[in-house]
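Visitor:
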Amino acid sequence: MQPSAIGQALLAIGDQWTLLILQRAFLKHTRRFADWRDELGMSESVLAGRLKEMVAGNLLEPVPYRNGRTRLEYRLTPKAIDLWPLLVSIWSWERSWVQRPHPLPELVHAGCGRPADVELGCTHCGKAPVAARDTIMTRQENTNFGHVSSPRLHRKTVREVRDDALSYLPATMEILGDRWSTVVLAAAFMRYRRFSEFELKLRPPPSILSDRLRRFTELDVFCQKGGEYRLTTKGQAFFGVYAFLVDWGQRWYSGPPGSDVAINHTACANVMTPYLRCTSCHEPVSRTGIRWNFG
């Protein structure tokens, strides 16, 4: 069965190396094989495999350049560029909730010229911040975004934790760098709480579901009470990332009829189109209106 649009989005970007390749392309304009290899400490075979997948998935476009001999660099496609608010939302969540040996680079909003954070807003009514509790999520009867168990195109690799100011830390990768983890978190935002509900709606292997629920509890993303797994404040704060994942996935992928997910903003009774707002000046943030201060 074909996954829903959200399931296809998770298959495209729900991988730690893919996310890090995209992050470096956005933040540091990395385009060349050797630069990603050296920046991320990836083996050449793993990097070549991910770049091949990202080209096939229309996230990167190979472009020839000359440096003594003709080589390829990889540029972000419009589809990948459209992921920028999701990546900024990950930065914001890590900045607030993950202890790091080195601080993340500051985001500077060109509109006000000040270092700032971002907050989630609703485009329809302009209200911000919007939290998960301000929304109601509904899924249609054929939504199968949990169907992410298609055969892997590559072996799962373990990334060495690098001591730098950019690489996502294990706490983030536990949520977004693993497809089943992201699906379990998405289900929690849809108010699934019991093991039996996760198992019935998502149909993961029971051992994988048990592992993800245990890890989320250890990471303080879930708390367990009375046989239920409820999102903590830390887990609720990841809602912005999820909102942009849903928005991006359903604009760039087509799932089977009746398989969409809707995030309805209760304040204005509209299906929410998310945007980011600067916490310093309360004006919308655009991709070209931000820069990163690496110190």
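Take -9 as the starting number for the sequence shown in this note's numbering and just add one per residue.
Just so you know, even glycine gets a beta-carbon here, dropped at the ideal spot from N, CA and C.
Under 8 Å, do ALA70 and LEU50 count as touching if we go by C-beta distance?
Guide: yes
Visitor: Answer yes or no: do PHE179 and ALA122 have a C-beta to C-beta separation smaller than 8 Å?
Guide: Result yes, Cβ atoms of PHE179 and ALA122 sit closer than 8 Å.
Visitor: Pick from PRO274, GLY103, ASP107, LEU66: whose alpha carbon is nearest that of ILE80?
Guide: ASP107
Visitor: From this set, GLY230, PHE212, VAL231, which residue's C-alpha is nearest THR222's C-alpha?
Guide: PHE212
Visitor: LYS215 bridges to which residues according to DSSP?
Guide: GLU218
Visitor: Less than 7 Å between C-beta atoms, sequence neighbours within five positions excluded: which residues of the same chain meet that for LEU288?
Guide: Any question about residue 288 goes unanswered here, given that the chain covers just -9 to 285.
Visitor: Going by beta carbon distance, what residues of the same chain come within less than 7 Å of CYS289, once the five residues before and after it are set aside?
Guide: Nothing can be reported for residue 289, as the shown portion of the chain is limited to -9 through 285.
Visitor: Could you tell me which residues DSSP pairs with GLY111 in its beta bridges?
Guide: TYR265
Visitor: Hey, TRP83 and ALA227: beta-carbon distance below 8 Å or not?
Guide: yes
Visitor: LEU203: which of ARG193, TYR219, SER186 sits nearest, CA to CA?
Guide: Cα-wise, what sits closest to LEU203 is TYR219.
Visitor: Taking only three categories from DSSP, how would you classify ARG281?
Guide: strand
Visitor: Please report the distance separating the alpha-carbon of ARG281 from that of TYR64.
Guide: Roughly 21 Å separates the two Cα atoms.
Visitor: With distances taken from CA atoms, which of GLY225, LEU37, TYR55, ARG21 is nearest GLN6?
Guide: LEU37
Visitor: Give the C-beta separation of PHE284 and PRO93 to the nearest angstrom, bearing in mind that I take them to be a contact with Cβ-Cβ under 8 Å.
Guide: Not really, about 11 Å apart at Cβ, beyond 8 Å.
Visitor: Can you tell which of VAL88, ARG129, MET163 has the C-alpha that lies nearest to the C-alpha of THR8?
Guide: MET163
Visitor: Between ASP168 and LEU12, what straight-line distance do the alpha-carbon atoms span, to the nearest angstrom?
Guide: 16 Å
Visitor: Just the Cα atoms here: how many angstroms apart are GLU197 and TRP87?
Guide: Correcting the residue identity first, residue 197 is Ser in this sequence and not Glu. For SER197 and TRP87, the distance between alpha carbons rounds to 28 Å.
Visitor: With 8 Å as the threshold, decide whether the Cβ of THR162 is near any Cβ in chain D.
Guide: Here chain D cannot be found, since the structure has a single protein chain.
Visitor: So, at 8 Å on beta carbons, what are the nonlocal neighbours of ARG241 in its own chain, with the 5 sequence-adjacent residues on each side left out?
Guide: Correct list, in chain order: ASP72.
Visitor: Using 10 angstroms around the beta-carbon of LEU192, count the other beta-carbons present and answer buried if the total reaches 16, otherwise exposed.
Guide: Taking all protein chains shown into account, LEU192 has 16 or more neighbouring C-beta atoms within 10 Å of its C-beta and is therefore buried.
Visitor: Among ARG277, TYR265, ASN254, ALA2, which has the Cα closest to the Cα of ALA46?
Guide: ALA2
Visitor: In chain order, what residues of the same chain lie with their CB nearer than 6 Å to the CB of PRO194, ignoring the 5 residues before and after it?
Guide: TRP170
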